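Residue numbers (this note's numbering), protein chains in the order written: chain A, 3 to 289; chain B, 1146 to 1393; chain C, 2 to 315. Glycine included, each C-beta is placed from N, C-alpha and C at the ideal position. As the structure is a prediction and not an experimental result, all values here were calculated from the model. Inspection log for the structure reproduced underneath, given as structure tokens.
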Amino acid sequence: MLELSLFCNGIVLGLVYAAVALGFSLVLGVSGVINFSHGITFTFGAYFFWAMYQTLGWIPAMILSPMFVALIGFFVERLIIRRVYGQDPLFGLLITLGFAMAMEELIRMIFGPATHNVNAPDFANGVIIVGDFLYSQYRVFIAVVAAVMVAAVWVFTEKSKYGSVVKGGMFNSEMVGALGHDLYRMRLYIMVLGSFIAGLSGILAAPIWSVKSGMGNSILMPSFLIVLMGGLGSIPGTLIGGLLVGICLSMGTLVAPRFVDMIPYILMGGIVYFWPRGLMGQQNIIE
Amino acid sequence: MTLFSIQGLTKRFGALTATNNVTLDIGREGILSIIGPNGAGKTTFFNLLTGFLKPDEGKIFYKGQDVTGKKPYQIIRYGISRSFQVVSLFEEMTVLDNVRVGVQRTLGFMNRMFLNYSHADAVTKKAMELLEEAGMADMADLPAASIPHGDRKILDLCVALTTNPETILLDEPMAGLSKAERFRITQLIKKLSETHKVIIVEHDMDLVFGISDHILVLHHGAILAMGSAGEIAANEEVQAAYLGREVA
Amino acid sequence: MSKIYKDPLFWIFLGCICYPFLPYVGNFTSLGTELLLWFIFTLSFNLCLGQTGLPSFGHGAFYGMGTYAAAIVFLRLSASGSFVLPILGGIAVGAVAAAFLGWLIREKRGVYFAMMTVAFTQVCFGICFRWDEVTGGEAGLSGISRLDFLGIPMRDPVTFYYFCFAVFVVCAIVIRAISRSCFGLSLQSVRQNYIRSQYLGYNVGVYKFAVYTLSGAFAGLSGALYCLLTQSAFADILDWTKSGDVVMATLLGGGTVSFYGPIVGSLIFIICKNLLSSLWDHWLFIYGLSFVVILSLFPTGIMGMFRKKAKKKD
Chain A
3 MLELSLFCNG IVLGLVYAAV ALGFSLVLGV SGVINFSHGI TFTFGAYFFW
53 AMYQTLGWIP AMILSPMFVA LIGFFVERLI IRRVYGQDPL FGLLITLGFA
103 MAMEELIRMI FGPATHNVNA PDFANGVIIV GDFLYSQYRV FIAVVAAVMV
153 AAVWVFTEKS KYGSVVKGGM FNSEMVGALG HDLYRMRLYI MVLGSFIAGL
203 SGILAAPIWS VKSGMGNSIL MPSFLIVLMG GLGSIPGTLI GGLLVGICLS
253 MGTLVAPRFV DMIPYILMGG IVYFWPRGLM GQQNIIE
Chain B
1146 MTLFSIQGLT KRFGALTATN NVTLDIGREG ILSIIGPNGA GKTTFFNLLT
1196 GFLKPDEGKI FYKGQDVTGK KPYQIIRYGI SRSFQVVSLF EEMTVLDNVR
1246 VGVQRTLGFM NRMFLNYSHA DAVTKKAMEL LEEAGMADMA DLPAASIPHG
1296 DRKILDLCVA LTTNPETILL DEPMAGLSKA ERFRITQLIK KLSETHKVII
1346 VEHDMDLVFG ISDHILVLHH GAILAMGSAG EIAANEEVQA AYLGREVA
Chain C
2 MSKIYKDPLF WIFLGCICYP FLPYVGNFTS LGTELLLWFI FTLSFNLCLG
52 QTGLPSFGHG AFYGMGTYAA AIVFLRLSAS GSFVLPILGG IAVGAVAAAF
102 LGWLIREKRG VYFAMMTVAF TQVCFGICFR WDEVTGGEAG LSGISRLDFL
152 GIPMRDPVTF YYFCFAVFVV CAIVIRAISR SCFGLSLQSV RQNYIRSQYL
202 GYNVGVYKFA VYTLSGAFAG LSGALYCLLT QSAFADILDW TKSGDVVMAT
252 LLGGGTVSFY GPIVGSLIFI ICKNLLSSLW DHWLFIYGLS FVVILSLFPT
302 GIMGMFRKKA KKKD
């Protein structure tokens, strides 16, 4: 039974990773910026939520907090990311990394260095029993919300007219600009959307990981690795990458508990070594 | 005497066959121009010859040696060199250093690998000779990014010559040049053809019919015709596919 | 030789000689030593980033492996009581690790190159953090002491400072000679236009491999000296965020346009980290924001700001 519950944990974790990685991938695809402040929006989501949920209740806080985070995303795009459009993606990476460093310190300044615990909501604070298998309701709740996020982004890019432009932007921003769409505004919207997803994911993870200033770093690198692994611009690839990392991380504790942290890096290294564009990637703007 | 011997060369990009079963011998003398309507596969053919792309089928022999699928740095060592359609230089270096980079490798630099490059006199001398021949010696110390477009085209050519090639392939040497600059390049190419085999891909018909000894016409990736300038001008198939439409 | 006064390295060396005699900061000898080691490390890193354009974002791996190699050599092999052996061990391990990684990823570019190096450093971090039997795991390795070298007692911090200074002088001169050599010009050509370099007959992958190995050796050297400085080895120097600090410091200083950029950058970083932090806990907030502001206004960093002036002088 341990194996099964670890496997389920892996899927839950993988869905959260995939959701965050999708936000990352959208911004990278449309704007050509490797946004390393993505992790900090995750942290902000969790902190805002922690500050609000006891007074407002779980669901209102869960809706409000990502909106604040999206607002942060709005300002980050206006003030910082806009400046690095068209430059080397790695330059954008470093600028946003510097910004993330400053923001992490800001969080420590405002909320203090202590780690905070968040309780799971009452409506999901029990266990699900299937036969003799017990599983946390809250993790099922996470899985459902994360899956809804992934599905929403997928449907959005596949079905809507606007989404097809987003998908087009993943391969060639110049082309999209020439098509007459307002690329400038679209980059802003995508950044806001990406921040919203990251903020919401931060909330979902809060009861499991507990809220601390460094929590963004623990999601930032895996999600970027997942983007590279799955292939830029491929939503199925990102989903597969996320689940792969989640399941390997979770099941890895059975095989080599001491070296489990290395798994995402080894996976990425191996995959990119043999498939230079990731599992399902096509020619893209970061080559 | 054949220089290039090409057998059944084919390159596909997805559904598009950019080079379709080209079999051809190229002689050692004179200037060969490759022309064809847009999308005829000129650039692909050119990139196959210079090792930038790997062919899906077929073989390329250079002086009897198989060079199929060799990488650019290996192709260079057979005595083949190329220039670029979009000028491709080391933008942050001076004009002289641009030439030095090539010269120092060609002269062999194992023995001066860790010598300060501006003190490598043999390299500097050879580099200045090349620049003087091209009439650019007075620009030697200017940054490559700062000189006029025509001079940049010539510098691109100079850099291509640093590898001591016997065969040089020029990718649209006239693209984006003014009339005076075109004349200058034409003279240079003529001079070059006295000592080198020159293969040109070009849209400029005045240049092509003015200086070519042979013209190869590609259409839909395959050979449409090959012959002297007069023969090509008189060829009705070529006119139908290409010249006629161009005039109209 | 009046020309020597025009050489920035001369003034940098002079500053380093005077450091222990400076008021206030001069008392922090280990801070000065750390600064020298950062100079060596960032200069060698800039052979990759500034010279060849290799975004080696996990360069801390070679520094950290140098540290661990020195510690392990000292604790396990150095029964003879040699001062030099751990240092040589650090250099060798740094070079071998860099050669291994450099060969694997010699054909990768840009983001993919960067992330492969990050993955490598994280794997090294994992090994050092968890492999308790050899690396001491979370507790790290300690009990390393500085032995006598040629009869000079290195136990004294100031003596060790001047030893590191001597190493720095050699490294700085050698690295500058490399970057100005024919080999260095070839490396520059790879950074500026690798396609053209190939068409000049350069096997670009081999050049990347060569410079990466070289850089790894210098990084291993500075790491080994760091081990002797702190007389311990901990895994946190291998974390990717530490490697990120190095990249940021080099870029902030202007490593992409100037040989001296890394020195300026590490000076600023180390001063902020050690002095500013004693004034205000949240110094990273200021450092991070200034990095963003400076780099978005001057993408070539601090040396880039002065570059035009300097060019006119020449």
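Candidates the options: closest to residue i by CA position
| i | options | result |
| --- | --- | --- |
| F166 of chain C | C:V191, C:S146, C:L226 | C:L226 |
| E1236 of chain B | C:G91, C:Q189, C:R107 | C:Q189 |
| E107 of chain A | A:L241, A:T45, A:A21, A:S67 | A:T45 |
| Q1249 of chain B | C:G59, C:S198, C:S259, C:S146 | C:S198 |
| I1210 of chain B | B:F1254, B:F1149, B:R1257, B:A1285 | Checking the displayed sequence, the identity of residue 1210 of chain B turns out to be Gln instead of Ile. Residue B:F1149 is the option with its Cα nearest to Q1210 of chain B. |
| G128 of chain A | A:L58, A:F76, A:Q139, A:V120 | A:Q139 |
| G1175 of chain B | B:E1376, B:H1364, B:K1336 | B:K1336 |
| L190 of chain A | A:R84, A:F26, A:L15 | A:R84 |
| I2 of chain A | A:Q56, A:A126, A:F38, A:F143 | Since the first residue shown for chain A is 3 and the last is 289, residue 2 of chain A is missing from the structure and cannot be characterised. |
| I205 of chain A | A:S67, A:S197, A:I237 | A:S67 |
| F158 of chain A | A:V147, A:F70, A:I192 | A:I192 |
| I152 of chain A | A:M64, A:L245, A:L8, A:G280 | In the sequence as displayed, the identity of residue 152 of chain A is Val instead of Ile. Cα-wise, what sits closest to V152 of chain A is A:L245. |
| A21 of chain A | A:L8, A:E5, A:L4, A:H40 | A:H40 |
| V213 of chain A | A:M231, A:A48, A:S7 | A:A48 |
| D240 of chain C | A:A23, A:S252, A:G25, A:S220 | A:S220 |
| L1276 of chain B | B:E1317, B:G1224, B:G1186, B:A1305 | B:A1305 |
| F299 of chain C | C:L253, C:W284, C:L15 | C:L253 |
| F161 of chain C | C:L38, C:M304, C:Y203, C:V265 | C:L38 |
| I1299 of chain B | B:V1232, B:D1351, B:G1186 | B:V1232 |
Enclosing alpha helix (DSSP H) for residue i [first to last residue]
| i | result |
| --- | --- |
| A1370 of chain B | Not the alpha helix (DSSP H): A1370 of chain B falls in the beta strand (DSSP E), residues 1367-1372. |
| G110 of chain A | In the sequence on display, residue 110 of chain A carries Arg and not Gly. First-last of the alpha helix (DSSP H) with R110 of chain A: 91-113. |
| Q316 of chain C | As shown, chain C starts at 2 and ends at 315. That puts residue 316 of chain C outside it, with no answer to give. |
| A21 of chain A | 4-33 |
| V78 of chain A | 60-81 |
| R131 of chain C | 111-131 |
| A1267 of chain B | 1266-1278 |
Assigned secondary structure, residue i (DSSP; H/G/I helix, E/B strand, else coil)
| i | result |
| --- | --- |
| V1304 of chain B | helix |
| S233 of chain C | strand |
| I5 of chain C | helix |
| D315 of chain C | Any reading at D315 of chain C must be qualified, since the residue scores a pLDDT of 39, below 50, and its modelled position is unreliable; the value itself is stated next. Coil at D315 of chain C, not helix or strand. |
| V132 of chain A | strand |
| Y60 of chain C | First, the amino acid is wrong: residue 60 of chain C is His here, not Tyr. It is coil, neither helix nor strand. |
| E1391 of chain B | Its pLDDT being 48, under 50, E1391 of chain B is placed unreliably by the model, and the measurement read from it follows with that caveat. It is helical. |
| P21 of chain C | helix |
| H40 of chain A | helix |
| A116 of chain A | coil |
| K1342 of chain B | strand |
| I1179 of chain B | strand |
| D1358 of chain B | coil |
| F1149 of chain B | strand |
| K214 of chain A | coil |
| G1184 of chain B | coil |
Expected contact under 8 angstroms - CB spacing of residue i and residue j to nearest Å
| i | j | result |
| --- | --- | --- |
| M1238 of chain B | A1285 of chain B | Not confirmed; about 11 angstroms, so no contact. |
| P123 of chain A | W60 of chain A | 4 angstroms |
| I21 of chain C | T30 of chain C | In the sequence as presented, Ile is not what sits at residue 21 of chain C; that position holds Pro. Right, their Cβ atoms sit about 6 angstroms apart. |
| R1227 of chain B | T1189 of chain B | The Cβ separation is near 14 angstroms, so there is no contact. |
| V328 of chain A | S27 of chain A | For chain A, the structure presents residues 3 to 289; residue 328 of chain A sits outside this window and is missing. |
| L142 of chain C | A70 of chain C | Contact flag wrong, Cβ pair sits at about 11 angstroms. |
Limits of the unbroken beta strand (DSSP E) element including residue i
| i | result |
| --- | --- |
| S138 of chain A | 135-138 |
| E1202 of chain B | 1202-1207 |
| L50 of chain C | L50 of chain C -> no beta strand (DSSP E), and no H or E assigned at all. |
Proximal residues, the region 264-292 of chain C versus chain A, C-beta separation under 9 angstroms: D282, H283, W284, L285, F286, I287, Y288, G289, L290, S291, F292
Near-chain C residues of the region 1239-1267 of chain B (beta-carbon distance less than 8 angstroms), N- to C-terminal order: D1242, R1245, V1246, G1247, Q1249, R1250, T1251, F1254, R1257, M1258, F1259, L1260, N1261, Y1262, S1263, A1265
Interface positions of the region 215-247 of chain C facing chain A (Cβ-Cβ less than 8 angstroms), listed along the chain: W241, T242, G245
When Cβ atoms are compared, which residues of the region 181-213 of chain C fall closer than 8 angstroms to chain A? none
If the cut-off is 9 angstroms on Cβ atoms, which residues from the region 99-111 of chain A count as contacting chain C, listed in chain order? L99, G100, F101, A102, M103, A104, M105, E106, E107, L108, R110, M111
Anything in the region 156-182 of chain C with a Cβ closer than 7 angstroms to a Cβ of chain B? List those residues in chain order, please. A178, I179, R181, S182
Taking Cβ-Cβ distances below 7 angstroms as the criterion, which residues of the region 108-140 of chain C are in contact with chain A? G111, V112, Y113, A115, M116, M117, A120, Q123, V124, G127, R131
Anything in the region 261-272 of chain A with a Cβ closer than 7 angstroms to a Cβ of chain C? List those residues in chain order, please. F261, D263, M264, Y267, I268, M270, G271
Residues in the region 1209-1221 of chain B having any Cβ partner in chain C nearer than 9 angstroms: K1216, P1217, Y1218, Q1219, I1220, I1221
Could you please tell me which residues of the region 68-79 of chain A, in chain order, have their CB closer than 9 angstroms to any CB of chain C? none
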